[in-house]
Ligand SMILES: [Fe+2]
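Residue numbers (the working numbering): 642 to 1017.
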């Protein structure tokens, strides 16, 4: 399957992964054949990309970082919790802790997992899906840093609540499809301190360290962050971890003003800020976990051949096993074959194909297949 943005969808494409609304309602089920009507409706539902079937990747199983069910449950918990809070009630600590424990349990059972991005969020549920992803990514990093179970649970809880202060930001600013003015930016930045205040004063039963994640997740190691411009060790380690998770997930998500960035680009951007914005040792642990070329990515090798990633080794995520689809001149291979880049050391990935290039490649290869079959 292939993640394709709505702008590139064409009637006749087949939906490869269920698409849900923020309320968990099924909007499009797997196997649906897209029509123009469906395609036109997707942006109105706040959806910017979906997974479609692709003959070159459909036999591949994208490993789940965490079960979709656990993630959806956590998203629903965060959403309900925030909704209750808006009505003047306290956050439901029990429900949040149960969700945090479920995330930690699963990650502890699947310690070697790599982070493969497969989730699709609508604009509307961005905050909730993002909160849960920050929670998951933070726990993975904490685990690599040798944190104990109790610490991982605090991290998971803090991740879920890190953007709670956004409750107080006007939706027109929160969802603005463009650059924020200086004044709007100042309002937006209040969410860190607001979140901390809400947690500390109105929900004192929430562990203080989780509240500190809300307060400090926009602080940067070099002191360039907000709200207080803390530096280095002044920033709590949990908040230093959540900062990395927060930026990575934001970059790799569809936003109203830009499309999701592929994992390898987000990886490069984080690296630029190694020991500047982000704690270098923590960033190293985080990046070790990222599948830069997730299963199903179309890549070009230094030889010019085009291939699809079929397996990512957890210990060497930058050297996946690929299935070659074309020769060096871009002609379809009559019989695609696999190359293990952990063994073929002279071969490396030099480019990841963008989605329009993948669609063009698919069209070109099927024409070639046809012409081969017809003996042109
Ligand atoms: Fe934030």
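Note that CB positions come from ideal geometry on N, CA and C, so glycine has one too.
| said: Looking at residue 996: is its Cβ nearer than 7 Å to the Cβ of residue 965? | reply: No.
| Cα separation between residue 1016 and residue 674? | Low local confidence applies: a pLDDT of 48 at residue 1016 is under 50, so the model's placement there is unreliable, and no value is given.
| query | Short check: CB of residue 882 to CB of residue 797, under 7 Å? | reply | No, the pair does not count as a contact, with Cβ atoms beyond the cut-off.
| Short Cβ contact (7 Å threshold) for residue 915 with residue 862 | Taking 7 Å as the cut-off, the Cβ atoms of residue 915 and residue 862 do not count as close.
| task | Measure the beta-carbon distance from residue 772 to residue 729 and round it to whole angstroms, keeping in mind my assumption that it falls under 8 Å. | result | The distance from the Cβ of residue 772 to that of residue 729 is about 21 Å, inconsistent with a contact at the 8 Å cut-off.
| field | Continuous alpha helix (DSSP H) stretch holding residue 939: start and end | value | Looking at the DSSP string, residue 939 is not in any alpha helix (DSSP H); the run it does join, the beta strand (DSSP E), is 939-942.
| field | DSSP three-state assignment for residue 811, whether helix, strand or coil | value | If DSSP states are grouped into helix, strand and coil, residue 811 belongs with coil.
| query | Does the count of Cβ pairs from the stretch 938-957 and the stretch 968-980 closer than 8 Å reach three? | reply | They touch, by the three-pair rule.
| said: For residue 839 and residue 952, what's the separation of their Cα atoms in angstroms? | reply: C-alpha separation (whole angstroms): 44 Å.
| query | Which residue's Cα is closest to the Cα of residue 716: 891, 661 and 897? | reply | Of the candidates 891, 661 and 897, the one whose C-alpha sits nearest the C-alpha of residue 716 is 661.
| For residue 872 versus residue 866, is the C-beta spacing smaller than 7 Å? | It is not a contact, given that the beta carbons lie outside the stated cut-off.
| message | Measuring straight from C-alpha to C-alpha, what distance separates residue 669 and residue 682? | response | Distance between the alpha carbons of residue 669 and residue 682: 11 Å.
| task | Over the uninterrupted beta strand (DSSP E) stretch that includes residue 832, give me the two end residues. | result | Residue 832 -> not in any beta strand (DSSP E); alpha helix (DSSP H) instead, spanning 823-838.
| request: Report the three-state DSSP secondary structure of residue 981 (helix, strand or coil). | output: Residue state, collapsed to three classes: strand.
| task | Taking residue 908 as part of the alpha helix (DSSP H), name the residues at either end of that continuous run. | result | Segment 904-913, the alpha helix (DSSP H) holding residue 908.
| request: Would you mind sorting residue 780 into buried or exposed? The rule is 16 or more other CB atoms within 10 Å of its CB. | output: By the neighbour-count definition (other C-beta atoms within 10 Å, threshold 16), residue 780 is a buried residue.
| message | Within 8 Å, do at least three Cβ pairs link the stretch 922-935 to the stretch 899-914? | response | Yes, the stretch 899-914 touches the stretch 922-935.
| C-beta contact flag for residue 879 and residue 854 at 7 Å | Yes, the pair counts as a contact, with Cβ atoms nearer than the cut-off.
| Short check: CB of residue 829 to CB of residue 808, under 7 Å? | No, these two residues do not count as a Cβ contact at 7 Å.
| query | Is the distance from the Cβ of residue 811 to the Cβ of residue 833 below 7 Å? | reply | No, they are not a contact pair.
| task | Check whether the Cβ of residue 804 sits closer than 6 Å to any heavy atom of ligand 1, and report yes or no. | result | Checking the Cβ of residue 804 against ligand 1 gives yes.
| request: Taking 7 Å as the cut-off, decide whether the C-beta atoms of residue 755 and residue 958 are in contact. | output: Against a cut-off of 7 Å, the Cβ pair of residue 958 and residue 755 comes out as a contact.
| task | Inspect the beta-carbon positions of residue 891 and residue 858 and report whether they are closer than 7 Å. | result | Cβ atoms of residue 891 and residue 858: not closer than 7 Å.
| Is it right to say residue 987 is buried, meaning 16 or more other beta carbons lie within 10 angstroms of its own, or is it exposed? | Exposed.
| Where does the unbroken alpha helix (DSSP H) through residue 682 begin, and where does it stop? | 677-682 is the span of the alpha helix (DSSP H), which, as asked, contains residue 682.
| query | Per DSSP, what kind of secondary structure is residue 1000 in: helix, strand or coil? | reply | Helix at residue 1000.
| In whole angstroms, what is the alpha-carbon distance linking residue 656 and residue 876? | C-alpha separation (whole angstroms): 44 Å.
| said: Within 10 Å of its beta-carbon, does residue 843 have 16 or more other beta-carbons around it, so buried, or fewer, so exposed? | reply: It is exposed - the Cβ of residue 843 has fewer than 16 other Cβ atoms within 10 Å.
| field | Nearest-angstrom Cβ-Cβ length linking residue 775 and residue 895, presumed shorter than 8 Å | value | Contact doesn't hold; Cβ gap of about 16 Å is too wide.
| query | With a Cβ-Cβ cutoff of 7 Å, do residue 926 and residue 749 count as a contact? | reply | Contact: no.
| task | Would you grab the beta carbon distance between residue 698 and residue 642 for me? Rounded to a whole angstrom, and I think it's under 8 Å. | result | Contact flag correct, Cβ pair sits at about 6 Å.
| Boundaries (first-last residue) of the beta strand (DSSP E) holding residue 992 | Note, residue 992: beta strand (DSSP E), 990-993.
| Host alpha helix (DSSP H) of residue 722 (start-end) | It spans 709-727 - the alpha helix (DSSP H) in which residue 722 sits, taken as one unbroken run.
| What whole-angstrom Cβ distance do residue 802 and residue 851 have, given they're in contact under 8 Å? | Indeed they touch by this definition, with Cβ atoms about 6 Å apart.
| field | Reduced DSSP category for residue 671 - H, G, I as helix; E, B as strand; rest coil | value | If DSSP states are grouped into helix, strand and coil, residue 671 belongs with coil.
| Beta-carbon spacing of residue 806, residue 836 below 7 Å | Yes, they are a contact pair.
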